[in-house]
Amino acid sequence: MTRMVDQAMRRAAASNVAARKGAATMPLRDLASPSQVAVPSGAILVPEYPPVPELERGLKITVLSGGASAEREVSLKSGRAVAASLTSLGHEVRLADITPGDLRALDQPMDMVFIALHGSFGEDGRLQRILEERGIRYCGSGPEASAVAMDKVAAKRRFDAEGIPTPRFEVVTRTNAVDTLHRWVGPAVIKPVAEGSSVDCELADDRYTLIRRVGELTERYGRCLIEEYIRGPELTVGILGEQALPPIEIRTKRRFYDYQAKYVDDDTQYLFDIDLPPDVLAEVMTLSERASGALGCRDFCRVDWMIDAASCRPYVLEINTIPGFTDHSLLPKAALRAGLSFPALCQRIIELSLQRDS
């Protein structure tokens, strides 16, 4: 397979950071939205790929979004953006809302499904299993990889097994909460085991906050995750096919990159000029590819990282198998930086799926 970012380009891209230190940071509102197709100056251009014959005639594509999870509104925005882009490319596109109790959208004739359904059902493998049972082609990771990635505990155990650094963690339930909390003081991140978009995540600085938040989440979900807080920059790396896209640093005025910072705040910054050593950035890209492979992800995903400020050691947090496709979303921005407009990104995802199934 042609490498999107080969090792030489990767080292050059990381080295360019040093040359650009001191450049003005770029607020979110100044970055291109997914509908814009201009390639930023200095982008890593993505090479051409062999044509896929099926794409020449255009496809009937159903874009699934919405659902009943806490990420419904974000998913609806993602679905609309994907549908508009695929339509602009000449495909016959139908945008459909789907829930576990209403699968009528799958009864219509189609060539394939583009899943833009975030959160439970869309990302936990259930929808993928249904599509496979019905013989419907779709983009993205399969049932097993989706289920593992959605379960933060299962994913972190897989990372540990593969030697990919991840913050220390424990699972807390109603029955083991008292014993577990004795081992934690703070700061620590408290989060649900299987929710995305930082829903219900909180940074606890002290034992009082830690105990309170663990009690709330175990009451709501039955169990939750306590994770060591890594002080330092937060990075995210998009994966397209098997290749890492340029890393993005996330800076927010909040102490924690929560739901508000992701989807509401206009002052959250997403930076390609990252003040880290080039070898660290190259390592993060390589580890992102390994992390994606460890979970068995395919076509596209996004890998989230914390970089320890003292040691520059990277720690993987999680993998999003259906990352956002909104104007705040990071995978489209990374693809644009690499030379792929938003429509071209959607088309490439379709191509990857067709090549895999051929």
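Residues 959 to 1316 (the working numbering) make up the sequence shown, in order. Note that beta-carbon positions come from the ideal geometry of N, C-alpha and C, so glycine has one too. Nothing here was measured: the structure is a model prediction, and the numbers come from that model.
In the structure shown, what three-state DSSP assignment does residue i receive?
i: R987; result: A caution first: R987 carries a pLDDT of 27, below 50, which makes its placement in the model unreliable, though a value can still be read off. In the structure shown, R987 sits in a helix (DSSP, three-state: H, G or I).
i: L1193; result: strand
i: Y1187; result: coil
i: P1272; result: strand
i: L1201; result: Leu is not the amino acid found at residue 1201; the sequence shown has Gln there. DSSP places Q1201 in strand when its eight states are reduced to three.
i: E1247; result: helix
i: E1177; result: helix
i: D1164; result: coil
i: F1079; result: coil
i: E1120; result: coil
i: V1051; result: strand
i: R1095; result: coil
i: A952; result: The requested residue 952 does not occur in the structure, where the chain is confined to residues 959 to 1316.
i: A981; result: With a pLDDT of 32 at A981, under the threshold of 50, the predicted position of this residue should be treated as unreliable, though the coordinate-derived value follows. Of the three classes helix, strand and coil, the one that applies to A981 here is coil, per DSSP.
i: V1129; result: strand
i: A1252; result: helix
i: V1143; result: coil
i: A1001; result: Its pLDDT being 46, under 50, A1001 is placed unreliably in this model, and the value from its coordinates should be taken loosely. Three-state DSSP puts A1001 in coil, outside helix and strand.
i: Q1313; result: helix
i: I1277; result: strand
i: I1307; result: helix
i: D1060; result: strand
i: H1148; result: Checking the sequence, you will find Ile at residue 1148 rather than His. I1148: strand per DSSP, three-state reduction.
i: A1302; result: helix
i: I1232; result: coil
i: V1157; result: coil
Do you know offhand how far residue i's Cα is from residue j's?
i: D1163; j: L1089; result: 43 Å
i: T960; j: P1123; result: Legend: pLDDT at T960 = 39, less than 50; position of this residue unreliable, value from coordinates given subsequently. Looking at the two C-alpha atoms, the distance is approximately 28 Å.
i: L1061; j: P1301; result: 27 Å
i: A1268; j: R1306; result: 38 Å
i: L1175; j: G1016; result: 46 Å
i: P1145; j: K1110; result: 19 Å
i: G1121; j: Q1066; result: 44 Å
i: L1047; j: K1291; result: 19 Å
i: R1126; j: T1138; result: 13 Å
i: D1315; j: T1020; result: 17 Å
i: R1295; j: C1304; result: 15 Å
i: D1266; j: Y1187; result: 10 Å
i: T1226; j: T1210; result: 5 Å
i: G1083; j: E1192; result: 27 Å
i: G1025; j: G1059; result: 10 Å
i: L1168; j: E1160; result: 9 Å
i: P1281; j: Y1166; result: 33 Å
i: I1056; j: L1075; result: 8 Å
i: E1177; j: A1028; result: 17 Å
i: L1310; j: L1253; result: 18 Å
i: L1203; j: R1271; result: 20 Å
i: I1308; j: V1136; result: 49 Å
i: R1030; j: R1189; result: 31 Å
i: G1037; j: E1050; result: 15 Å
What residue range does the alpha helix (DSSP H) around residue i cover?
i: S1046; result: 1030-1046
i: A1296; result: It is not in any alpha helix (DSSP H) - A1296 carries neither H nor E in the DSSP assignment.
i: V1136; result: 1135-1139
i: A1107; result: 1101-1108
i: E1014; result: 1011-1014
i: I1088; result: 1084-1091
Pop quiz: residue i and residue j are said to be a contact at Cβ under 8 Å. What is the actual Cβ separation, rounded to whole angstroms?
i: A1103; j: T1244; result: At roughly 20 Å, the Cβ-Cβ gap does not stay under 8 Å, so A1103 and T1244 are not in contact.
i: S1351; j: L1034; result: With the chain represented from 959 up to 1316, any question about residue 1351 goes unanswered, as that position is not in the structure.
i: T1194; j: W1142; result: With a Cβ gap of about 26 Å, T1194 and W1142 do not count as contacting.
i: E1012; j: L1312; result: 6 Å
i: P1101; j: R1087; result: 4 Å
i: A1039; j: F1283; result: 5 Å
i: L1053; j: R1092; result: Going by Cβ atoms, the distance from L1053 to R1092 rounds to 19 Å, so no, they are not a contact pair.
i: V1147; j: E1185; result: 5 Å
i: A1119; j: A1113; result: About 11 Å separates the two Cβ atoms, so there is no contact after all.
i: P1205; j: V1242; result: 6 Å
i: I1277; j: A1240; result: The pair is not a contact, with the Cβ atoms about 19 Å apart (cut-off 8 Å).
Is residue i close to chain D? Criterion is C-beta to C-beta, closer than 7 Å.
i: I1122; result: The chain inventory of the structure shown lacks chain D, comprising one protein chain alone.
Is it the case that the CB of residue i approaches a heavy atom of the ligand NAP more closely than 6 Å?
i: S1287; result: Among the ligands in the structure shown, none appear at all, so the ligand NAP cannot be discussed.
Let's see if you can read the secondary structure: which residues bound the beta strand (DSSP E) around residue i?
i: L1229; result: 1227-1229
i: I1206; result: 1206-1209
i: D1262; result: 1258-1265
i: F1072; result: 1070-1073
Taking 8 Å as the threshold, find out whether the stretch 1255-1268 comes into contact with the stretch 1193-1211 through three or more Cβ pairs. yes
Is it true that the stretch 1177-1188 meets the stretch 1129-1138, where meeting means three or more beta-carbon pairs spaced less than 8 Å apart? yes
May I ask you to verify whether the stretch 1090-1098 touches the stretch 1069-1078, counting CB pairs closer than 8 Å and requiring at least 3? yes
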